Amino acid sequence: MRYAKRGRLRFTSHRDIARAFERALRRAHVPMAFSQGFNPHPKISWIGAAPTGAASEAEYVEIQLIEVVDPAGLVAELDRAMPPGLDLLEAVAAESGSLADRIDASRWQIEVPGVAPGDLAAAVDALMALEVAEVERLTKNGMRTINVRPAVVGALTREVSADGEPYGILDVVVRQTTPAVRPDDVLSALRVVAALEPPVPAKATRMAQGRLDDGGGIADPLAPDRGPEPPRDDVHS
Numbered sequence: 244m245r246y247a248k249r250g251r252l253r254f255t256s257h258r259d260i261a262r263a264f265e266r267a268l269r270r271a272h273v274p275m276a277f278s279q280g281f282n283p284h285p286k287i288s289w290i291g292a293a294p295t296g297a298a299s300e301a302e303y304v305e306i307q308l309i310e311v312v313d314p315a316g317l318v319a320e321l322d323r324a325m326p327p328g329l330d331l332l333e334a335v336a337a338e339s340g341s342l343a344d345r346i347d348a349s350r351w352q353i354e355v356p357g358v359a360p361g362d363l364a365a366a367v368d369a370l371m372a373l374e375v376a377e378v379e380r381l382t383k384n385g386m387r388t389i390n391v392r393p394a395v396v397g398a399l400t401r402e403v404s405a406d407g408e409p410y411g412i413l414d415v416v417v418r419q420t421t422p423a424v425r426p427d428d429v430l431s432a433l434r435v436v437a438a439l440e441p442p443v444p445a446k447a448t449r450m451a452q453g454r455l456d457d458g459g460g461i462a463d464p465l466a467p468d469r470g471p472e473p474p475r476d477d478v479h480s
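Those letters in the sequence shown? Residues 244 to 480, per our numbering, in order.
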């Protein structure tokens, strides 16, 4: 299944989203499969959840059922049971293989209000010209140094305007690595290499997840289970 995390829900932790999802599954009477043992849990597999504070149009989850259901009907019923901002978009019946094996990169859109488009473009050019761009991240085990540059597959900037003031948006494709490179790590790298300091917090939205193709694009991970396109009716009277 593909779902979106929008609006205020972007500030919700993944643990709380998982709880909301399980409540919605119960409300929608989805015929879930459960684990064995003294404390059974619904069989749900989360795929690369977006970090707290980031919105997403491309979050993925696998659920195991005990009977066949219509995917479109499941999306409609489950979406009605979800809180506003947690929106079910699509479901397919898994035919073969693991969904996690079909995802190795994400495409992020990062809005940077208050930063001139030219300044953002120059900072991105400076980052892409390097082989190493190290940033510090605070983890539960203390500060950790991360080299952001190898994870950044490609980056483009564009200009938008709000209230008559132009600012830059960064579209960046990031490869999955260990540890994962997040949008705030990319912004930290721009600060390190080009002293880019947004005056207000940036807003990151994950637009796609999937496997990288040879051109740096991202393949739809649900496509193998969606089946062939229906034939077009090209008959004219």
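Think of the CB as a built atom: it goes at the ideal place given N, C-alpha and C, for glycine as much as any other residue. Predicted model, so just to flag it, every value in this text is computed and none were measured.
DSSP, reduced to helix, strand and coil, places Ala462 within a strand of the structure shown. Contact between Leu455 and Ala348 holds, since their C-beta atoms are separated by about 5 Å, short of 8 Å.
Each of Gly328, Lys248, Asp428 and Tyr303 was checked against the Cα of Leu465, and the nearest Cα belongs to Tyr303. Straight through space, the alpha carbons of Pro409 and Gln419 are spaced by roughly 32 Å.
Between His272 and Ser278, the gap from beta carbon to beta carbon reaches 8 Å or more.
Of the residues assessed, Ser341 falls on the exposed side of the cut-off, its CB having fewer than 16 other CB atoms within 10 angstroms.
Of all alpha-carbon atoms in Ala343, Leu329 and Met275, the one lying nearest the alpha-carbon of Val311 is that of Met275.
Assignment of Glu302 by DSSP, reduced to helix, strand and coil, places it in the strand class.
Between the region 375 to 382 and the region 332 to 346 there are fewer than three C-beta pairs closer than 8 Å, too few to call the two in contact. Per DSSP, Asp414 is one residue of the beta strand (DSSP E) stretching across Glu408 to Arg418. In this structure Thr388 is exposed. Its beta-carbon is surrounded by fewer than 16 other beta-carbon atoms within 10 angstroms. Fully contained in the region 330 to 417 are the following beta strand (DSSP E) runs of length 3 or more, in chain order: 348 to 355, 377 to 382, 385 to 390 and 395 to 405. Taking a 10 Å sphere around the C-beta of Asp362, we find 16 or more other C-beta atoms and assign the residue as buried. Separation of Pro442 and Ala405 (C-alpha to C-alpha, rounded to the nearest whole angstrom) is 15 Å. Beyond the five residues adjoining it in sequence on each side, Leu413 comes within less than 7 Å, by CB distance, of Ile353, Val355, Leu363, Val367, Ala398 and Thr400 in the same chain, given in chain order. The residues Val417, Arg418, Thr420 and Val424, in chain order, have a CB closer than 7 Å to that of Ala394 in the same chain once the five nearest residues on each side in sequence are set aside.
Judged by their CB atoms, Gly328 and Arg392 are not nearer to each other than the 8 Å cut-off. Taking every protein chain shown into account, the CB of Pro426 has 16 or more other CB atoms within 10 angstroms, so this residue is buried. In this chain, Arg249 is not harboured by any alpha helix (DSSP H), its DSSP state being neither H nor E.
Residues Ile353, Glu354, Val355 and Leu430 of the same chain have their beta carbon placed closer than 7 Å to that of Ala445, with the five preceding and five following residues left out of the count. DSSP places Arg323 inside the alpha helix (DSSP H), whose first and last residues are Pro314 to Ala324. Gly411 and Ala369 have their alpha carbons spaced roughly 16 Å apart.
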